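Accompanying notes for the structure given below.
Residue numbers (my numbering): -17 to 200.
Encoded structure:
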């Protein structure tokens, strides 16, 4: 029994060391082995073994207390009681260490699984962050292109406004010229009308003079 407990304690110590210290792929192998143990009927079997060992531990502790009480009543322990007391104490110590290491291995396996899940989620979040950074860079590039296009459009609008102002000024100048020309044409038409009136008046005087000249001849 003691040799088996030493073997179990050694195996648990090696397993705990592999879980604590990463030695090549041995930690992954230990994790896979514990995953296999915790699948199916494994947990129930482990709990049954742990409960059995705990019961045996309590029995050994009870035997140790019984032997000590017997020795206290007699004043001394017999050699047989001393051997039994040491045997029970060794078994109880080994079982206690085995149960403690088993509990420690279970907790280490549990927290390592959580750590692996967290690393996976962190890796996924890193990928998301990288994709968001790429999208941010693309948005910045698009924003820069849009600002450049806006500046170009603003420059074009400014040029169009300048051309429009020039055209307005030219149109106003042309309107002024047209008005001046119309006024000039109107003055010319008035002068022409006056000349026509004078011409008609002269024609009438000429006809009168001709009629008077004909009258004198007759």
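Glycine included, every Cβ here is placed at the ideal spot set by N, Cα and C.
Just so you know, these numbers come straight off a predicted model, no measurement behind them.
Determine whether the beta carbon atoms of residue 76 and residue -13 lie at a separation below 9 Å. yes
Can you have a look at residue 184 and say buried or exposed, based on whether 16 or more other CB atoms are within 10 angstroms of its CB? exposed
Please state whether DSSP places residue 3 in a helix, a strand or coil. coil
Give the secondary structure of residue 129 by DSSP, where H, G and I count as helix, E and B as strand, and everything else as coil. helix
Run the CB neighbour count on residue 149, radius 10 Å, all protein chains shown included, and call it buried at 16 or more, exposed below. exposed
Check whether the stretch 93 to 102 touches the stretch 51 to 60, taking contact to mean three or more Cβ pairs, one atom from each stretch, closer than 8 Å. no
Residue -16 and residue 73 - do their beta-carbons sit closer together than 9 Å? yes
Same chain, Cβ closer than 7 Å to residue 157, five either side skipped, listed in chain order: none
Check residue 57 in the structure and name its three-state DSSP category. In the structure shown, residue 57 falls within a coil segment according to DSSP collapsed to helix, strand and coil.
My output table needs one value for residue 22: the three-state DSSP class, helix, strand or coil. coil
Measuring alpha carbon to alpha carbon, tell me which residue in 13, 78, 140 and 17 is nearest residue 43. 78
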